[in-house]
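Engineer: Numbering-wise (numbering that gives the first Met the number 0), the sequence shown opens with residue 0 and increments by one.
Every residue, glycine too, gets a C-beta built ideally from N, C-alpha and C.
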Amino acid sequence: MRPHPWPTLPWALVLLLGLQPRGLEARAHRPKDPEFQEAYFEQLLDHFNFERFGNKTFLQRFLLTEKFWKRGEGPIFFYTGNEGDVWSFANNSGFILELAAQQGALVVFAEHRYYGKSLPFGERSTWRGYTELLTVEQALADFAGLLRALRRELEAPDAPAIAFGGSYGGMLSAYLRIKYPHLVAGALAASAPVVSAAGLGDPYQFFQDVSADFQGQSPECARAVQDAFRQIRDLFQQGAPHVVSQEFGTCQPLSGPKDLNQLFGFARNAFTVLAMMDYPYATDFVGHLPAHPVQVGCSQLLSESSRITGLRSLAGLVYNSSGTEPCYDIYLQYQACADPTGCGLGSDAKAWDYQACTEINLTFSSNNVSDLFPELPFTEAQRQQYCLDTWGVWPRQDWLQTSFGGGRVRGLPRPTTLPPSISDITAASNIIFSNGDLDPWARGGIQSNLSTSVLAITIRGGAHHLDLRASHPDDPASVVEARRLEAALIGKWVEAARPTGLRG
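(1) Below 8 Å, how does it come out for the region 356-372 and the region 289-301: are there three or more Cβ pairs, yes or no?
(2) Report back the beta-carbon spacing between Asp-277 and Ala-462 to the nearest angstrom; my notes put them in contact at under 8 Å.
(3) Look up Ala-188 in the DSSP assignment and give the residues it is bridged to.
(4) CB-CB under 8 Å to Trp-492, same chain, minus the five flanking residues each way: which ones, in chain order?
(5) Going by DSSP in three states, Glu-379 sits in which element: helix, strand or coil?
(6) Would you decide whether Asn-48 is buried or exposed? Buried here means 16 or more other CB atoms lie within 10 Å of its CB.
(7) Alpha carbon to alpha carbon, how far is Leu-23 from Tyr-167?
(8) Give me the residue from Ala-155, Trp-393, Asp-370 and Gly-238 with the minimum Cα distance to Phe-205.
(9) Which same chain residues end up closer than 7 Å to Phe-108 when comparing Cβ atoms and leaving out the 5 residues on each side of it in sequence?
(10) For the beta strand (DSSP E) holding Val-272, just list the boundary residues, first then last.
(11) For the region 149-156 against the region 167-176, are there 3 or more C-beta pairs whose distance is under 8 Å?
(12) So what does DSSP say about Ile-445, is it helix, strand or coil?
(13) Taking only the alpha-carbon atoms, compute the straight-line gap between Lys-178 and Glu-136 and give it to the nearest angstrom.
(14) Is the separation between the beta-carbon of Asp-466 and that of Arg-483 shorter than 7 Å?
(15) Would you report the Cα separation of Pro-376 and Thr-362, rounded to the nearest angstrom?
(16) Straight-line CA distance for Ala-274 to Gly-264?
(17) To which residues does DSSP link Asn-360 through a beta bridge?
(18) Measuring CB atoms only, is the region 93-103 touching the region 52-61, in the sense that at least three cross pairs come out at less than 8 Å?
(19) Mapping the DSSP letters down to three states, classify Lys-491 as helix, strand or coil.
(20) Please classify Leu-488: is it buried, with 16 or more other beta-carbons within 10 angstroms of its beta-carbon, or exposed?
(21) Please list, in chain order, all residues of the same chain as Leu-253 whose beta carbon is under 6 Å from its beta carbon, the five residues on each side excluded.
(22) Which of helix, strand or coil does DSSP assign to Val-183?
(23) With Tyr-39 as the anchor, note down where its alpha helix (DSSP H) starts and where it stops.
(24) Leaving out the 5 sequence neighbours to the left and right, which residues in its chain are closer than 8 Å to Glu-246 when beta-carbon positions are compared?
(25) Do Ala-211 and Ser-433 have their C-beta atoms within less than 7 Å of each other?
(26) List the residues that DSSP assigns as beta-bridge partners of Arg-60.
(27) Measuring alpha carbon to alpha carbon, tell me which of Cys-326, Gly-435 and Val-272 ends up nearest Thr-340.
(28) Within 10 angstroms of the Cβ of Asp-328, are there 16 or more other Cβ atoms? Answer buried if so, exposed if not.
(29) Going residue by residue through the region 76-143, where are the continuous alpha helix (DSSP H) segments of at least 4 residues, counting only ones entirely within it?
(30) Report all residues from its chain with a CB closer than 6 Å to the CB of Gly-352; omit the five preceding and five following residues, and keep chain order.
(31) Where does Val-209 sit, in a helix, a strand or coil, going by DSSP?
(32) Who are the near neighbours of His-46 in its chain, counting only those whose CB is closer than 7 Å to its CB and skipping five residues on each side?
(33) Hey, out of Ala-148, Val-392, Phe-228 and Cys-326, whose CA is closest to Tyr-129's CA?
(34) Just to confirm the assignment, what range does the alpha helix (DSSP H) spanning Thr-532 have?
(35) Using the Cβ count rule (16 or more neighbours within 10 Å means buried), how would you classify Trp-390?
(36) I'd like the list of long-range same chain contacts for Ala-496, defined as Cβ closer than 6 Å, with 5 residues on each side in sequence excluded.
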């Protein structure tokens, strides 16, 4: 395998001045145009091996705005990009921009290698045999190298940096603080599932918490969900899958167990998206969704005379938000992968599938006992076989625990609700772990304080990293207070990190 022959270029290949946000995400509620510039950084292919790739490089994309920056005084706010196009995160993380305006910060959104346009081997990057450099550690080293280069090029060697991230990006922001504390003074890790992704916790927790969001709407909604899935199974067992095809509206006729499992996964994924994106206002982050999509989904389900037709209507919020799709292509619109919560589609989905086959552990199952969904197991043995067949790799289930765990925090009791390898972080400091109680990822993260500076914030009525989004008139009071606390803590960290002569 040979690397893509990128030419040797300076660190900032090109600045596309005045480039405007694109796509659905551009319509998200956010502050006035932050005037992002899009640039590319000549990044090392392999930070940890001097022989195979030597000093070969690829082009890593990042976004930067100096609109709010007070040179010589303001900090650097650095978003650790996750599994997708960096513009999507920049256009849906308005709190960072609001805070930058308050604190005079330079803002950087760095794209994760193998995602968006940061492709080490071009279009071949997510082909089997080209993915070996897609690891958490390589991504963190990318961020560290980019941050050092920006400080040097912008002549801001002493500017304190704060890492920000949501979901997997939140994991990375926390890990960046843990691994490179000399480069970042603190981290806001929003909805970061560091516990579950490390292979710890209850494998049934995730879909139990998705179910809880719908059960919280009404007992009728919960019963209707179970009735719909039961009726589908009964019709298959009765030899009438064509009735399911007609009522649910699939593009192809359904037949055997394979189609049944695919349909169940397709439908369950719709509930997952609605629960994660259960914001109090309409969003375009993961497709176009209405305000309070869980409530709307329940209403759609209960409004139909047939439960299967009602399930079709609920799924349409995710798979047919435009209202123009005549039917569901359940194999094209949803592709099963090593992440039962969904990988998405396209090149980014393949990259995430690979990560879920190596370091990121997401062996979640539904059982129709503790949750509302059909029994769809995804065990470690199933994951291992899938990953071997798909990518030729064997997952390392304990690696995140080894790489980012630690010893007990001295002088403080160990939280009884957390595994020792997560609660015992001796070197960590200045990290905020925030979670919304509506988010099914919340219980896979840190939910209690680990020390006096590794803190947990719970946002009542909050969905997936709601606190990173821009302020909105319909925000619950809990997220307003959470952002206020986060801003105060970050301001404190920035001040403490300044050289002595520059402190206020």
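Structural biologist: So, to answer that:
(1) Contact between the region 356-372 and the region 289-301 is absent, because fewer than three Cβ pairs lie under 8 Å.
(2) For the purposes of this step, residue 277 is identified with residue 278 of the sequence shown, where counting begins at 1. For the purposes of this step, residue 462 is identified with residue 463 of the sequence shown, where counting begins at 1. Contact annotation, Asp-277 with Ala-462: C-beta distance approximately 4 Å; criterion of less than 8 Å satisfied.
(3) Here residue 188 is taken as the residue at index 189 of the sequence shown, counted from 1. The partner list for Ala-188 (beta bridge, DSSP) reads Gly-164 and Phe-432.
(4) In the sequence shown, the residue the question calls residue 492 occupies position 493. For Trp-492, the CB contacts under 8 Å within the same chain, skipping 5 residues up- and downstream, are Pro-159, Ile-161, Ala-184, Gly-185 and Asn-429 in chain order.
(5) Locating residue 379 in the sequence shown gives position 380, where the first residue counts as 1. Glu-379 falls in the helix class under three-state DSSP.
(6) Stepping through the sequence shown from its first residue, residue 48 is reached at position 49. Counting every other CB atom within 10 Å of its CB across the protein chains shown gives Asn-48 a total below 16, marking it as exposed.
(7) In the sequence shown, the residue the question calls residue 23 occupies position 24. In the sequence shown, the residue the question calls residue 167 occupies position 168. Only weak support is given to the placement of Leu-23: the predicted model assigns it a pLDDT of 30, under 50, and the value that follows is read from those uncertain coordinates. Just so you know, the alpha carbons of Leu-23 and Tyr-167 end up roughly 21 Å apart.
(8) By 1-based counting over the sequence shown, the position of residue 205 is 206. Relative to Phe-205, the option among Ala-155, Trp-393, Asp-370 and Gly-238 whose CA is nearest is Asp-370.
(9) Position 109 of the sequence shown, counted from the first residue, corresponds to residue 108. Here Phe-108 has Phe-61, Leu-62, Tyr-78, Gly-80, Val-85, Phe-88 and Ala-89 as same chain residues with Cβ atoms under 7 Å from its own Cβ, once five neighbours each way along the sequence are excluded.
(10) As a first step, residue 272 is located in the sequence shown; it is residue number 273 there, counting from the start. That residue, Val-272, is in no beta strand (DSSP E); its alpha helix (DSSP H) goes 256-275.
(11) Too few Cβ pairs lie closer than 8 Å, so no.
(12) Taking the first residue of the sequence shown as 1, we reach residue 445 at position 446. Three-state DSSP puts Ile-445 in coil, outside helix and strand.
(13) On the sequence shown, residue 178 is found 179 positions in, with the first residue counted as 1. On the sequence shown, residue 136 is found 137 positions in, with the first residue counted as 1. The straight-line gap from Cα to Cα measures roughly 9 Å.
(14) Here residue 466 refers to the residue found at position 467 of the sequence shown. Here residue 483 refers to the residue found at position 484 of the sequence shown. Not in contact: Asp-466 and Arg-483 (Cβ atoms no closer than 7 Å).
(15) For the purposes of this step, residue 376 is identified with residue 377 of the sequence shown, where counting begins at 1. For the purposes of this step, residue 362 is identified with residue 363 of the sequence shown, where counting begins at 1. Between Pro-376 and Thr-362, the C-alpha separation is close to 9 Å.
(16) Here residue 274 is taken as the residue at index 275 of the sequence shown, counted from 1. Here residue 264 is taken as the residue at index 265 of the sequence shown, counted from 1. Here the alpha carbons of Gly-264 and Ala-274 stand approximately 15 Å from one another.
(17) Taking the first residue of the sequence shown as 1, we reach residue 360 at position 361. For Asn-360, the pairing in a beta bridge is given by DSSP as Ala-197.
(18) Segment contact: the region 93-103 against the region 52-61, fewer than three CB-CB distances shorter than 8 Å; contact not assigned.
(19) Here residue 491 corresponds to residue number 492 of the sequence shown, with the count starting at 1. Shown here, Lys-491 sits in a helix according to DSSP, grouped into three states.
(20) Walking along the sequence shown from the start, residue 488 turns up at place 489. Classification for Leu-488: buried.
(21) The residue given as residue 253 occupies position 254 in the sequence shown. Here the set comprises Pro-240, Val-243 and Ser-244.
(22) Start at 1 with the first residue of the sequence shown, and residue 183 comes out as number 184. Look at Val-183 here: in three-state DSSP terms it is coil, with no helix or strand label.
(23) For this step, residue 39 is matched to residue 40 along the sequence shown. For Tyr-39, there is no enclosing alpha helix (DSSP H); the enclosing beta strand (DSSP E) covers residues 36-43.
(24) As a first step, residue 246 must be located in the sequence shown, where it is residue number 247. Leaving aside the five residues that flank Glu-246 on each side, the residues in its chain whose CB is nearer than 8 Å to its CB run, in chain order, Ser-305, Ile-307, Thr-308 and Arg-311.
(25) As a position in the sequence shown, residue 211 is number 212, starting the count at 1. As a position in the sequence shown, residue 433 is number 434, starting the count at 1. Cβ distance not < 7 Å, so Ala-211 and Ser-433 don't count as in contact.
(26) Here residue 60 is taken as the residue at index 61 of the sequence shown, counted from 1. Beta bridge pairing from DSSP links Arg-60 with Tyr-39.
(27) Locating residue 340 in the sequence shown gives position 341, where the first residue counts as 1. Minimum Cα distance to Thr-340 is reached at Val-272.
(28) The count along the sequence shown starts at 1 and reaches residue 328 at position 329. Exposed, by the Cβ-count rule.
(29) Those alpha helix (DSSP H) runs which fall completely within the region 76-143 and span 4+ residues are 85-89 and 93-102.
(30) On the sequence shown, residue 352 is found 353 positions in, with the first residue counted as 1. Per the sequence presented here, residue 352 reads as Asp, with Gly not at that position. The answer, listed in chain order, is Cys-336, Ala-337 and Cys-342.
(31) Reading the sequence shown from its first residue, position 210 is the one you call residue 209. Looking at Val-209 - three-state DSSP - the assignment turns out to be helix.
(32) For this step, residue 46 is matched to residue 47 along the sequence shown. Cβ neighbours of His-46 beyond the five flanking positions: Gln-137 and Ala-140.
(33) The residue given as residue 129 occupies position 130 in the sequence shown. Per the C-alpha coordinates, the member of Ala-148, Val-392, Phe-228 and Cys-326 positioned closest to Tyr-129 is Val-392.
(34) Nothing about residue 532 can be read from this structure; the chain reaches only from 0 to 503.
(35) Locating residue 390 in the sequence shown gives position 391, where the first residue counts as 1. Burial call: buried.
(36) Numbered from its first residue, the sequence shown carries residue 496 at position 497. Around Ala-496, the same chain offers Pro-159 and Ala-184 as residues with beta carbons nearer than 6 Å, after the five sequence neighbours per side are excluded.
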